[in-house]
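Colleague:
Residue numbers (the UniProt record's numbering): 1 to 152.
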């Protein structure tokens, strides 16, 4: 129990340091309605609230019998998931949001038991919908990358 609290407090301190680092950030140009520092500060704030709750909660978090073990298969899935997210970050600018989301989304869906056809349909649909939602509705421009020819 004490290790859980110490881990939560250490991550809370890290969130505070990152928030202090993100606070003075100003972009040279405005490309979003709220600016580039709002998103990291919001995420760090939400993480901080959750970590504070974990640090002061009265009972420890205990693994239940119906929860999966942290065995080799689970660790491989976690490593694959992190690897896919790194691939997404690396290909985001060059390929664009839609293609990089499809490139990463289908293997991610397969990793967690999705069938090929269903995974492809859902991931392609979500990628196009999320691009439209961010670009047109929320006015947050996302790169099209190789699909630039489709732009007006």
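C-beta: ideal position from N, C-alpha, C; glycine also.
(1) Could you tell me which uninterrupted alpha helix (DSSP H) segments, each at least 4 residues in length, are contained entirely in the UniProt domain "DUF1468" (6-143), listed from first to last along the chain?
(2) Judging by CA-CA distance, which residue of 97, 128 and 132 is the nearest neighbour of residue 146?
(3) Straight-line CA distance for residue 50 to residue 5?
(4) On the three-pair Cβ rule with 8 Å, is the region 98-114 touching the region 75-86?
(5) Pick from 92, 149 and 12: whose alpha carbon is nearest that of residue 56?
(6) What residues in its chain sit with their C-beta under 8 Å from that of residue 71, if we drop five residues either side in the sequence?
Modeller: Quick look at the numbers:
(1) 38-56, 72-95, 97-111 and 116-132
(2) Counting from 1 along the chain shown, the entry for residue 146 is found at position 146. Of 97, 128 and 132, the residue nearest in Cα terms is 97.
(3) Stepping through the chain shown from its first residue, residue 50 is reached at position 50. Stepping through the chain shown from its first residue, residue 5 is reached at position 5. Rounded to whole angstroms, residue 50 to residue 5 spans 12 Å at the Cα level.
(4) yes
(5) Taking the chain shown and counting its residues from 1, the one referred to as residue 56 is at position 56. Per the Cα distances, 12.
(6) Along the chain shown, read from residue 1 onward, the residue named residue 71 stands at position 71. Taken in chain order, the list of residues that qualify is empty.
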